[in-house]
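Chemist:
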């Protein structure tokens, strides 16, 4: 059996039985190398060489966590949380509960969408916004699996169809560039249109999660006491100005330097030297923030090593080209198998952005040989890459929601983030991606 298939299935199995994802990725990388024909020394060398590819992302997330901790310490997020609690009222069955519930869900969705395009801060908003709202979410008895699905929808669907921010990177800089490099001759205007139908599958998955799967209340332990109406939380004008200034500077620096590292660092420095955070507290805040996001960083580093081993085996190309013997001249089967292979690759690597360069070299000639139109080829490659981003244990689209929702230890990464997002997004995305390939 192909080394890629074995390694990804092993990684998913180990993650499901609650083996740490970093350990699961490392073990699976060794399995991929050995099954793929590398000896143990070559496997370890490839894994070590790949680790550096995840270092930049890991440091970015660590500094974003520190910035989020400083922002939370300023009192701004606490004030927002308290405002929502006050609007909720004392009685869980009060008339405004439904309104607040829907406003909360809509706010989280809009923030997730804007984090990819309008304010391209990616998952940095999650540790800032979600932990202070866990009390409210628990009081409303909202299933946190629904919150995970909403956040993941905003993180993934947005870059699939909107060519701005991270969407511009995915659609134009990566997808379009790799398609044309391999002989498709597509133009930028074709990309979002071709990806619109696959993205419809994501919408179907979101609606299913909201109105069917997780519509029922779910009980959580409310560790913090419910705030009464007579509790007054205020934030000084200086803290408010510093907080807003730090947010603006973080965004501006990130956009100007194209670096989350220096954006988050700039924001933290403003908090540190503004005077609203004392010297003896800033060190603890930095450590708390780094710790909050450290798990994501280590997983991304391990995922980079895993991807390097998989590439070194050459088994990705073997997996794709071997489809020809199975497919024959069946165009519908060709589309389905190409999407499934893309799902396997992205599930293992954890990044749709990194999957496109791997599969485009083989997928574009293969799709053209089967007579797929340029639009259908775009949909095939784009969908094959996006498949698995939602539902991969190593994807920041699932790690981010877990980092925020598990702040109080009541949200499991695999059972409450990975499995729900896999079911609600990968299955409809596979179906609608296949339809797009057949009708475009």
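Numbering (full-length UniProt numbering), first residue to last: 1 to 440.
Glycine residues also receive a C-beta, built at the ideal position from the N, C-alpha and C atoms.
From a predicted model like this one, the values you see are computed outputs, not experimental measurements.
1. From the DSSP secondary-structure annotation, give me the bridge partner or partners of residue 350.
2. What is the residue span of the alpha helix (DSSP H) that residue 163 lies within?
3. To the nearest angstrom, how far is it from the Cα of residue 117 to the Cα of residue 16?
4. Can you confirm whether the stretch 187-197 touches the stretch 397-416 when touching is taken to mean that 3 or more C-beta pairs between the two stretches lie within less than 8 Å?
5. Using the three-state DSSP reduction, which class does residue 390 fall into: helix, strand or coil?
6. Is the separation between the beta-carbon of residue 391 and that of residue 355 shorter than 7 Å?
7. So is residue 256 buried or exposed if we call it buried at 16+ other beta carbons inside 10 Å?
8. Taking the straight line between their C-alpha atoms, what separation do you get for residue 236 and residue 266?
9. For residue 216, count neighbouring Cβ atoms within 10 angstroms of its own Cβ and tell me buried if that reaches 16, exposed if not.
10. Shortest alpha-carbon distance to residue 352 belongs to which of 126, 304, 407?
11. Do residue 338 and residue 379 have their CB atoms nearer than 7 Å?
12. Can at least three beta-carbon pairs, one atom from the stretch 105-115 and one from the stretch 133-152, be found at a separation below 8 Å?
13. Identify which residue in 427, 64, 56 has its Cα closest to the Cα of residue 336.
14. Residue 10 to residue 271, Cα distance in whole Å?
15. In three-state terms, what does DSSP make of residue 131?
16. If we call anything under 7 Å between Cβ atoms a contact, is residue 188 one with residue 206?
17. With three or more C-beta pairs closer than 8 Å as the rule, is the stretch 44-55 touching the stretch 21-34?
18. Which residue from 415, 408, 431, 413 puts its Cα closest to that of residue 220?
19. Roughly how many angstroms separate the alpha carbons of residue 114 and residue 414, rounded to a whole number?
20. Taking the alpha-carbon positions, what's the residue 329 to residue 371 distance?
21. Let me know the secondary structure DSSP gives residue 183 once reduced to three states.
22. Taking the alpha helix (DSSP H) that residue 48 belongs to, which residues open and close that run?
23. Output the distance between the C-alpha atoms of residue 322 and residue 302, rounded to the nearest integer angstrom.
24. For residue 91, which three-state DSSP category applies?
25. Let me check understanding here. Comparing Cα to Cα, which of 156, 376, 410 lies closest to residue 438?
26. If we ignore side chains and look at the alpha-carbon of each, how far apart do residue 242 and residue 274 end up?
27. Could you have a look at residue 339 and say whether DSSP puts it in helix, strand or coil?
28. With distance defined between alpha-carbon atoms, name the residue in 291, 306, 341 nearest to residue 318.
29. Ends of the alpha helix (DSSP H) at residue 396?
30. So residue 310 packs on residue 7, CB below 8 Å; how close in whole Å?
31. Within the continuous alpha helix (DSSP H) that includes residue 272, where are the two ends?
32. Mind checking residue 178: buried by the 16 CB within 10 Å criterion, or exposed?
33. State the start and end residues of the unbroken alpha helix (DSSP H) segment that holds residue 100.
34. Nearest by alpha-carbon distance to residue 139: which of 218, 62, 182, 185 is it?
35. Using a 10 Å radius around the Cβ and a threshold of 16 neighbouring Cβ atoms, would you call residue 332 buried or exposed?
36. Would you mind working out which of 142, 100, 124 sits nearest residue 65, comparing C-alpha positions?
Modeler: Based on what the coordinates show:
1. Position 350 of the chain shown, counted from the start, is the residue given in the question as residue 350. Note: residue 350 sits in no beta bridge, so no partner.
2. Position 163 of the chain shown, counted from the start, is the residue given in the question as residue 163. Here residue 163 belongs to no alpha helix (DSSP H), and DSSP marks it neither H nor E.
3. Along the chain shown, one-based indexing puts residue 117 at 117. Along the chain shown, one-based indexing puts residue 16 at 16. Going by the C-alpha atoms only, they are around 33 Å apart.
4. no
5. The sequence position of residue 390 within the chain shown is 390, counting from 1. Residue state, collapsed to three classes: strand.
6. Reading the chain shown from its first residue, position 391 is the one you call residue 391. Reading the chain shown from its first residue, position 355 is the one you call residue 355. No, the Cβ-Cβ distance between residue 391 and residue 355 is not below 7 Å.
7. If you number the chain shown from 1, residue 256 lands on position 256. By the 10 Å Cβ count, residue 256 comes out exposed.
8. Translated into the one-based positions of the chain shown, residue 236 becomes position 236. Translated into the one-based positions of the chain shown, residue 266 becomes position 266. Those two C-alpha atoms are separated by around 22 Å.
9. Mapped onto the chain shown, residue 216 falls at position 216. Result: exposed.
10. In the chain shown, counting from the first residue as 1, residue 352 sits at position 352. Ranking the options by Cα distance to residue 352, first place goes to 304.
11. Residue mapping note: residue 338 aligns to position 338 of the chain shown, counting from 1. Residue mapping note: residue 379 aligns to position 379 of the chain shown, counting from 1. The answer is no: Cβ separation not under 7 Å.
12. yes
13. As a first step, residue 336 is located in the chain shown; it is residue number 336 there, counting from the start. Nearest C-alpha to residue 336 among 427, 64, 56: 427.
14. Residue mapping note: residue 10 aligns to position 10 of the chain shown, counting from 1. Residue mapping note: residue 271 aligns to position 271 of the chain shown, counting from 1. So the alpha carbons of these two residues sit roughly 44 Å apart.
15. For the purposes of this step, residue 131 is identified with residue 131 of the chain shown, where counting begins at 1. In the structure shown, residue 131 sits in a helix (DSSP, three-state: H, G or I).
16. Indexing the chain shown from 1 puts residue 188 at position 188. Indexing the chain shown from 1 puts residue 206 at position 206. No, the pair does not count as a contact, with Cβ atoms beyond the cut-off.
17. yes
18. On the chain shown, residue 220 is found 220 positions in, with the first residue counted as 1. If we check each option's Cα against that of residue 220, 408 comes out closest.
19. Indexing the chain shown from 1 puts residue 114 at position 114. Indexing the chain shown from 1 puts residue 414 at position 414. Answer to the nearest angstrom: the Cα atoms are 26 Å apart.
20. As a working note, residue 329 is residue 329 in the chain shown. As a working note, residue 371 is residue 371 in the chain shown. Looking at the two C-alpha atoms, the distance is approximately 10 Å.
21. Counted from its first residue, the chain shown places residue 183 at position 183. Here residue 183 sits in coil by DSSP.
22. One-based indexing of the chain shown puts residue 48 at position 48. Start and end: 40-51.
23. Mapped onto the chain shown, residue 322 falls at position 322. Mapped onto the chain shown, residue 302 falls at position 302. If I take the Cα positions, the gap works out to 28 Å.
24. Against the chain shown, residue 91 aligns to sequence position 91. Summary for residue 91: the model assigns pLDDT 48, below 50, so the residue's position carries little reliability; its value from the coordinates is reported in the next sentence. DSSP places residue 91 in coil when its eight states are reduced to three.
25. In the chain shown, residue 438 corresponds to position 438, counting from 1. It is 376.
26. The sequence position of residue 242 within the chain shown is 242, counting from 1. The sequence position of residue 274 within the chain shown is 274, counting from 1. Here the alpha carbon of residue 242 sits roughly 7 Å from the alpha carbon of residue 274.
27. Within the chain shown, numbered from 1, the residue matching residue 339 stands at position 339. Correct three-state label for residue 339: helix.
28. Within the chain shown, the letter at position 318 stands for residue 318. For residue 318, the nearest C-alpha among the options comes from 341.
29. In the chain shown, counting from the first residue as 1, residue 396 sits at position 396. Run containing residue 396: 396-405, per the alpha helix (DSSP H) assignment.
30. Position 310 of the chain shown holds residue 310. Position 7 of the chain shown holds residue 7. 7 Å between Cβ atoms; contact.
31. Here residue 272 refers to the residue found at position 272 when the chain shown is read from its first residue. Element bounds for residue 272: 260-274.
32. The residue you call residue 178 lines up with position 178 of the chain shown. By the neighbour-count rule (16 or more Cβ atoms within 10 Å), residue 178 is buried.
33. As a first step, residue 100 must be located in the chain shown, where it is residue number 100. 97-114 is the extent of the alpha helix (DSSP H) around residue 100.
34. Within the chain shown, numbered from 1, the residue matching residue 139 stands at position 139. Among 218, 62, 182, 185, the Cα nearest to that of residue 139 is on 218.
35. Your numbering for residue 332 matches position 332 in the chain shown. Its Cβ having fewer than 16 others within 10 Å, residue 332 is exposed.
36. Taking the first residue of the chain shown as 1, we reach residue 65 at position 65. Answer by Cα proximity: 124.
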